[in-house]
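Chemist: Chains as they are written, first to last, in my numbering: chain A, 265 to 346; chain B, 434 to 1084.
Just so it is clear, CB atoms sit at the ideal spot from N, CA and C, and this is done for glycine as well.
Since this is a predicted model, take the numbers as computed values, not measurements.
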Amino acid sequence: AAAKKRTYIVHMAKSQMPPAFAEHRHWYDASLRSVSDTAEILYAYDTVAHGFSARLTPAEARAMERRPGVLGVMAEARYELH
Amino acid sequence: TTRTPEFLGLDRTEGFIPQSNTTSDVVVGVLDTGVWPERKSYDDAGLGPVPASWKGACEEGKDFKAANACNRKLVGARFFSQGYEARMGPINLTRESRSPRDNDGHGTHTSSTVAGSAVPDVDFLGYAAGTARGMSTRARIAVYKVCWLGGCFGSDILAAMDKAIEDGCGVLSLSLGGGMSDYYRDNIAVGAFSAMAMGVVVSCSAGNAGPGASTLSNVAPWITTVGAGTLDRDFPANVLLSNGKNYTGVSLYSGKPLPSSPLPFIYAGNATNTTNGNLCMTGTLLPDKVAGKIVLCDRGINARVQKGSVVRDAGGAGMILANTAANGEELVADAHLLPATAVGEIAGDAIKSYLFSDPNPTATIAFRGTKVGVKPSPVVAAFSSRGPSAITPDILKPDLIAPGVNILAAWTGSVGPTGQAADPRRTEFNIISGTSMSCPHVSGLLALLKGAHPDWSPGAIKSALMTTAYAAYPGDGGILDVATGRAATPFDFGAGHVDPPKALDPGLVYDLTTEDYLDFLCALNYTPLQIARLSRLTNYTCDRQKAYEVSDLNYPSFAVAFATASTTVKHTRTLTNVGAPGTYKATVSAPEGVKVVVEPTALTFSALGEKKNYTVTFSTASQPSGSTAFGRLEWSDAQHVVASPLAFSWT
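1) Quick one: any contact between the region 722–741 of chain B and the region 752–759 of chain B, if contact means 3 or more CB pairs under 8 Å?
2) Between T971 (chain B) and chain A, is any beta-carbon pair separated by less than 8 Å?
3) Is it buried or exposed, R977 (chain B), if we count other Cβ atoms within 10 angstroms and call 16 or more buried?
4) By the DSSP assignment, the alpha helix (DSSP H) with I590 (chain B) in it spans what residues?
5) Taking Cβ positions, are G660 (chain B) and F926 (chain B) nearer each other than 8 Å?
6) Hey, quick one: how far does the alpha helix (DSSP H) through E518 (chain B) stretch, first residue to last?
7) What would DSSP say about H769 (chain B), mapped onto helix, strand or coil?
8) Which stretch, first to last residue, makes up the alpha helix (DSSP H) that contains W1068 (chain B)?
9) Taking 7 Å as the line, does the beta carbon of F440 (chain B) fall inside it for any heavy atom of the ligand ATP?
10) Okay, do the region 897–907 of chain B and the region 570–577 of chain B touch, 3+ Cβ pairs below 8 Å being the bar?
11) Check whether chain B comes within 8 Å of E344 (chain A), counting only Cβ atoms and requiring the distance to be less than that.
12) Looking at chain B, is there any beta carbon in it that lies within less than 8 Å of the beta carbon of H288 (chain A)?
13) Evaluate P923 (chain B) with the Cβ neighbour count: other Cβ atoms within 10 Å of its Cβ, from every protein chain shown; 16 or more gives buried, anything less gives exposed.
14) Where does P690 (chain B) fall in DSSP's three states?
15) So with CB distances below 9 Å, who are the chain B contacts of L296 (chain A)?
16) To test your reading of the DSSP string, which unbroken beta strand (DSSP E) runs of 3 or more residues are found completely within the region 823–863 of chain B?
17) Can you look up K979 (chain B) in the DSSP assignment and give me helix, strand or coil?
18) Chain B partners of M338 (chain A), CB-CB under 7 Å?
19) Which same chain residues end up closer than 6 Å to P887 (chain B) when comparing Cβ atoms and leaving out the 5 residues on each side of it in sequence?
20) Against Y292 (chain A), what residues of chain B qualify as contacts under a CB-to-CB distance less than 8 Å, listed in chain order?
21) Can you check whether the C-beta of L609 (chain B) is within less than 8 Å of a C-beta belonging to chain A?
22) Just to confirm, are A313 (chain A) and V838 (chain B) a CB contact at a threshold of 8 Å?
23) Have a look at V274 (chain A) and Y309 (chain A) and give me their C-alpha separation to the nearest angstrom.
24) Just list the residues that DSSP pairs A670 (chain B) with in beta bridges.
25) State buried or exposed for R330 (chain A), treating a residue as buried only when at least 16 other CB atoms are found within 10 Å of its CB.
26) Let me know if A1035 (chain B) comes out buried or exposed under the rule of 16 or more other beta-carbons within 10 Å of its beta-carbon.
27) From the DSSP output, which residues share a beta bridge with R787 (chain B)?
28) Bridge partners of M338 (chain A), per DSSP?
29) How many Å lie between M521 (chain B) and M276 (chain A) at the Cα?
30) Between G820 (chain B) and L649 (chain B), is the Cβ-Cβ spacing less than 8 Å?
31) Classify I734 (chain B) as buried or exposed, calling it buried when 16 or more other Cβ atoms lie within 10 Å of its own Cβ.
32) Would you give the residue range spanned by the alpha helix (DSSP H) that R737 (chain B) belongs to?
33) Can you tell which of B:N1010, B:W1068 and B:F995 has its C-alpha closest to the C-alpha of S1055 (chain B)?
34) Could you tell me whether the Cβ of D301 (chain A) comes closer than 8 Å to any Cβ of chain B?
35) For K495 (chain B), list the residues DSSP reports as bridge partners.
36) Among B:A814, B:Y1047 and B:L729, which residue has its Cα nearest to the Cα of A920 (chain B)?
Put into structure tokens, the structure is as follows:
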């Protein structure tokens, strides 16, 4: 399963954070935990995007897409120097 | 950068650029391979305190101590490796540093090109001597290391952009790119959208996938997409054949010269047992065939400088690197480890003809040093990626071109100038080429403009650079394309080559707001979720009653994709006065077969900041699919010329 994991960027609707959470990071953690027991947040984004990145299997990514407050789940792209 | 400031006319801008804090308060964030902070380009002499608004940091690593690295020039340095390490495994600390230190050279080169301090009396192995300096010497640099030996990953890039905006960067420079994907899927486009919305200008390299059509990266309209051209400097190294013919090549070789008498000369394809031996791939040359000889290698597949190493390792005395059809006449100078020169396809074919016809061919290479004042210049580099944009053909890309061929700037101490493991040399500066090199030229100019006009939006700043760019040589026809030898088109150079003295005083600008870009996304039929990913606006919905059109985006250039049937397309634009009151009149140079009508044909501005609308209607009869044509629309008050390229394609 680890070999099948890819890095995904999960875009979240910041304004839709349930009141049970005091901080967005906690909400992101809980959302991630709901689809994966092992995945960890690589980065939490707050300025140019709202959300986080994490290593997920394709099935976990699909499950994440269905979570409340999730705007989209994108596999990260690879870039090269020009 | 010992030549580009002069080539760009920056020596003529002194009176236009305020020496106030606004110019030195601009911090340019460079997302790249890090920095070698000990280079003199990061000397902070003469700079005032770090801007009070700066919130960045100088992150430490084993080989990167903040106290020694950051100063009033290099105000920030961070690194982002979590995405890279999650994908590729732990960083190999014997090969690169888990710190902002640049072990590659690329990031040091780009950041010093943006805003490096002036360093007098420099050269690269004796070539390109002069004072090296960034395009905005008073701006500050913050480096964000996002690229590692194994590549650059979107999660790291987005994290760096996130932090750079939070830190207080006013300009972001990214000399990297990926393939083509919809804006909401592209990590750079996503980050750049919010950056733009927060007043940050983002410039990105167009890519080096030219000269094929539709090969661009970083085509989002809120990004300044930068292609590459040459400057008026060359490094001639001529091939002298014993039949009396000589051919011009280029080289940055510096070392023991070839003997004065000609040497035996052989084609690599005749000195190998492998089918691709002509390319001088590692281990393919037969030492007994090449020992003591000059070897002609064909360009392609492996690195140009590696071919020289292969010849040298096989005992060769020198190398002539010949372009094939893939590269045409484009010549890129390299700091080869043995006497070598690069020649274009035409010369290469002629030299091969001699090689195959003379039973005892001999040759030598004459290195001529540095030549300036080369004409015509600029010409569009063959490698520079070309339009039209595959994502939105109705937005003309690239936006413009800037110097990107044979650029001297600071270099890492980790590797030699060729980047090859076999290169033991260490140099303070290096000369390299790519849209990676043209992008930071523009980033530095954007910083200059932002400093001179701190109240201008990112759209206005970009417009100023675009509408003042030139597309023709003085009185001597359009800018040429080295790939074809013919006049280049707006699909090659966008609005043209940057002209910073004029950009500082453009007269009028095509301003663009976040709202304009949201309308653009609506015109693309983006869903609310897709718009939210880009804009972070979760409650934004397009108005179903409104007829959104891509052609309504107030872009400083025009791209019209006609259907094959005869058709009419109308664009609406708004010009904002950023100069003195005056009346501007429109002139159009339209290609045959396209009727262009501008209404009104004159616009009078009586106050600073005043806005005026106009429409331009393009009509055409049916044309074969794949046809293209080009023109230009100019507004002029006799003092300023506000120019827009027109690019037409028939699908």
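Modeler: Looking at the coordinates:
1) The region 722–741 of chain B vs the region 752–759 of chain B: in contact.
2) Answer yes: the Cβ-Cβ gap between T971 (chain B) and chain A drops below 8 Å somewhere.
3) Exposed, because fewer than 16 other Cβ atoms sit within 10 Å of the Cβ of R977 (chain B).
4) It spans G587 to D600 - the alpha helix (DSSP H) in which I590 (chain B) sits, taken as one unbroken run.
5) In this structure, F926 (chain B) lies closer than 8 Å to G660 (chain B) by Cβ.
6) Run containing E518 (chain B): Q515 to M521, per the alpha helix (DSSP H) assignment.
7) If DSSP states are grouped into helix, strand and coil, H769 (chain B) belongs with coil.
8) Secondary structure note for W1068 (chain B): it is in no alpha helix (DSSP H), and the uninterrupted beta strand (DSSP E) holding it is T1061 to S1069.
9) Of ligands this structure carries none, so the ligand ATP is not represented either.
10) Contact fails: fewer than three Cβ-Cβ distances are below 8 Å.
11) Interface residue, yes.
12) Not one chain B Cβ lies under 8 Å of H288 (chain A).
13) Result: buried.
14) Three-state result, P690 (chain B): coil.
15) The premise fails here: L296 (chain A) is roughly 14 Å from chain B at the closest Cβ pair, so nothing lies under 9 Å.
16) Positions of the beta strand (DSSP E) runs, each at least 3 residues long and wholly inside the region 823–863 of chain B, are given as 833–836 and 840–843 in order along the chain.
17) Taken through DSSP and simplified to helix, strand or coil, K979 (chain B) comes out as coil.
18) Ordered by position in chain B, the residues that pass the 7 Å Cβ test against M338 (chain A) are R618.
19) Taking C-beta separations shorter than 6 Å and ignoring five residues to either side along the sequence, the partners of P887 (chain B) in its chain run T455, following chain order.
20) In chain B, no part has a C-beta under 8 Å from the C-beta of Y292 (chain A); the shortest such distance is about 14 Å.
21) At a cut-off of 8 Å, the C-beta of L609 (chain B) has a neighbouring C-beta in chain A.
22) Cβ distance not < 8 Å, so A313 (chain A) and V838 (chain B) don't count as in contact.
23) Each residue's Cα considered, the two are about 9 Å apart.
24) Per DSSP, B:F800.
25) Counting Cβ neighbours within 10 Å, R330 (chain A) comes out exposed, since fewer than 16 surround it.
26) Answer is exposed; the Cβ neighbour count stays below 16.
27) Residue identity differs from the one stated: residue 787 (chain B) is Tyr in this sequence, not Arg. Bridge partners of Y787 (chain B): none, in fact.
28) M338 (chain A) is bridged to A:I273.
29) Taking the straight line from one Cα to the other gives about 26 Å.
30) In contact: G820 (chain B) and L649 (chain B) (Cβ atoms closer than 8 Å).
31) Exposed: under 16 other Cβ atoms inside 10 Å.
32) R737 to D746 is the extent of the alpha helix (DSSP H) around R737 (chain B).
33) Considering only alpha carbons, the answer is B:F995.
34) Using a Cβ-Cβ cut-off of 8 Å, D301 (chain A) does not count as an interface residue toward chain B, since no Cβ of chain B sits closer than that to its own.
35) In the DSSP output, where bridge partners are listed per residue, K495 (chain B) has none listed.
36) Taking only the C-alpha atoms, the option nearest A920 (chain B) is B:A814.
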